[in-house]
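Engineer:
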Amino acid sequence: MFVKSLSVRNFRNHTYKDLEFSPGLNLISGVNASGKTNIVEAIYYLSLARSFRGVDDEDIIYRSSEYAEIDSLVVEGSLKRKIHIIITKKGRSVLVNGKKVSKLSDLTKCVNVLLFEPKDVLLFRGTPKERRNFLDINLSKQFPIYLEYISRYEKALRQRNELLKSGNYDQKLLDTTTELLVKYSGPIIKYRAMYVKDINDILIKITRALTGVKEKIEIHYRPFVSDDADFNKVALEAYNRALESDLKHKATSIGIHREDISVSLNGKDIGTFGSQGENRLVALALKISPYFMVKDEDKKPVIVLDDVMSELDEEHQARLIKFLKNFSQVFITGTELNIDGATHIQLNKA
Ligand SMILES: Nc1ncnc2c1ncn2[C@@H]1O[C@H](COP(=O)(O)OP(=O)(O)OP(=O)(O)O)[C@@H](O)[C@H]1O
Ligand SMILES: [Mg+2]
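Each residue of the sequence shown is one higher than the last, beginning at 1 in my numbering.
1. Considering only heavy atoms of ligand 2, list every residue whose Cβ is less than 7 Å from one of them, following chain order.
2. Helix, strand or coil: how does DSSP classify T88 here?
3. Quick one: what does DSSP say Y149 is sitting in, helix, strand or coil?
4. Going along the chain, which unbroken runs of the alpha helix (DSSP H) with 4 or more residues stay wholly within the stretch 266–343?
5. If you follow the alpha helix (DSSP H) that I43 is in, where does it begin and where does it stop?
6. Answer yes or no: the CB of L347 versus the heavy atoms of ligand 1, is any distance below 8 Å?
7. Closest to P187 by C-alpha separation, out of S140, R160, T211, would be which residue?
8. Among E148, H220, R53, whose alpha-carbon lies nearest the alpha-carbon of D120?
9. Can you give the beta carbon distance from I217 to I199, rounded, assuming they're within the 8 Å contact cut?
10. Drop a sphere of 10 angstroms on the beta-carbon of Y16, count the other beta-carbons inside from all chains shown, and report buried for 16 or more, exposed for fewer.
11. Using beta-carbon positions only, say whether S93 and K82 come within less than 9 Å of one another.
12. With distance defined between alpha-carbon atoms, name the residue in V330, L164, L122 nearest to V282.
13. Which same chain residues end up closer than 6 Å to T88 when comparing Cβ atoms and leaving out the 5 residues on each side of it in sequence?
14. Measure the Cβ-Cβ separation of G271 and R132 and say whether it is below 9 Å.
15. Nearest-angstrom Cα distance between E69 and E314?
16. Can you look up E20 in the DSSP assignment and give me helix, strand or coil?
17. Quick test of the definition: if touching needs 3 or more C-beta pairs under 8 Å, does the stretch 206–216 touch the stretch 283–296?
18. Would you kindly report the start and end of the unbroken alpha helix (DSSP H) that includes K373?
19. When DSSP builds the beta bridges, which residues end up paired with I217?
20. Verify the contact flag: I256, CB atom, against every heavy atom of ligand 1, threshold strictly below 8 Å.
21. Using three-state DSSP, classify I61 as helix, strand or coil.
22. Is the number of C-beta pairs between the stretch 334–350 and the stretch 23–35 that are closer than 8 Å three or more?
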């Protein structure tokens, strides 16, 4: 798929901007604070109806305006979709071809965006939450039932934590919520394990293309209880063993909400041992890997790479560009960009 046009109104620093893009490489350049990240934020907003910067909608609206607006035409094979989003301080509304969309999974079907942002360099050095988010977002996009499991799990987890906090809980109720956690954990772990296994082969190929070196790269996922025939029984026992400590800390200390993934390069953990450049390339490889899981050419995700070139030496930049030329549509932002054959969008500081 590709984003053909994007108009933003009162979106961040852009009071009005009308942009045309093309399939293949699109470069968005301009000096610092000219609004490059803001444009790719709007493109990402099309896919999840939220910002990737973890901010309130209110922060997105230009200064003291009433609302922000995004209009876009997205092409998927012979299908054309007009997406219209209005963001107010009180909420947002999303229309696809004039019809209101309320389920996130319906929007993700229309626009799929994979993002690499500067803070992803710290993906393997930061908290497990970022890495779980990567798994959860991509699995939810591919398998809506996974999002369902996660939502139900989180609801049960909140209930269990409330009970633990209350200090005066009903044992039967606690057992019921624990059983619910176990029930949803089973399929969640299955999906995570399958996904990580699939991604492993893709990751090897991408890293080789980006580095040119045959390094041994491996992604690891260890579920909190291994996924076998006895899963329910073993998981319940694990919760029972942890109960005393959970009561003391007033929170559920084990479960899929605490799991993590890691990546090793030549047998060593990339977060601990990898250089800044290696962390950048492997994080980039991981963030774009879901592209290769989508088999239908028309549905291939749009790739957004915010400030990906900085800190990469010339050879790695050239390799990356060569690699990116094969994708359906890619947006790259940077202060100084020049790539033959790419569509060039220049932003000026207001
Ligand atoms: N709600 C808002 N209203 C008005 N201006 C805003 C709003 N939110 C952010 N800005 C401004 O938008 C400007 C551009 O931000 P953006 O992050 O897109 O720049 P950039 O071109 O990506 O810069 P850099 O090269 O440093 O990454 C900033 O100066 C910021 O203060
Ligand atoms: Mg920026």
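No residue lacks a Cβ here, since even glycine has one placed at the ideal position from N, Cα and C. Here the structure is a predicted model, which means the values were calculated and not measured.
Structural biologist: Straight from the coordinates:
1. K36, T37, D306, D307, T333
2. Position 88 of the sequence shown, counted from the start, is the residue given in the question as residue 88. T88 falls in the strand class under three-state DSSP.
3. Taking the sequence shown and counting its residues from 1, the one referred to as residue 149 is at position 149. If DSSP states are grouped into helix, strand and coil, Y149 belongs with the helices.
4. 270–273, 276–288, 314–324
5. For the purposes of this step, residue 43 is taken as the residue at position 43 of the sequence shown. From DSSP, the alpha helix (DSSP H) with I43 extends over 36–48.
6. As a position in the sequence shown, residue 347 is number 347, starting the count at 1. Answer for L347: yes, Cβ within range of ligand 1.
7. For this step, residue 187 is matched to residue 187 along the sequence shown. Out of S140, R160, T211, S140 has the C-alpha closest to the C-alpha of P187.
8. Position 120 of the sequence shown holds residue 120. For the residues E148, H220, R53, the minimum Cα distance to D120 belongs to R53.
9. Translated into the one-based positions of the sequence shown, residue 217 becomes position 217. Translated into the one-based positions of the sequence shown, residue 199 becomes position 199. At roughly 11 Å, the Cβ-Cβ gap does not stay under 8 Å, so I217 and I199 are not in contact.
10. Residue 16 sits at position 16 when you count from the first residue of the sequence shown. Under this definition Y16 is an exposed residue.
11. Position 93 of the sequence shown, counting from 1, holds the residue named residue 93. Position 82 of the sequence shown, counting from 1, holds the residue named residue 82. Not in contact: S93 and K82 (Cβ atoms no closer than 9 Å).
12. Counted from its first residue, the sequence shown places residue 282 at position 282. It is L122.
13. In the sequence shown, the residue the question calls residue 88 occupies position 88. Cβ within range, chain order: Y67.
14. Along the sequence shown, one-based indexing puts residue 271 at 271. Along the sequence shown, one-based indexing puts residue 132 at 132. Result no, Cβ atoms of G271 and R132 do not sit closer than 9 Å.
15. As a first step, residue 69 is located in the sequence shown; it is residue number 69 there, counting from the start. As a first step, residue 314 is located in the sequence shown; it is residue number 314 there, counting from the start. Computed Cα separation, rounded: 38 Å.
16. Residue numbering aside, residue 20 sits at position 20 when the sequence shown is read from its first letter. Strand, per DSSP.
17. yes
18. Residue 373 is absent from the model: the chain starts at 1 and stops at 350.
19. As a first step, residue 217 must be located in the sequence shown, where it is residue number 217. L265, per the DSSP bridge assignment.
20. The sequence position of residue 256 within the sequence shown is 256, counting from 1. No - ligand 1 has no heavy atom lying nearer than 8 Å to the Cβ of I256.
21. What you label residue 61 is simply residue 61 of the sequence shown in a count that begins at 1. Note: I61 maps to strand in three-state DSSP.
22. yes
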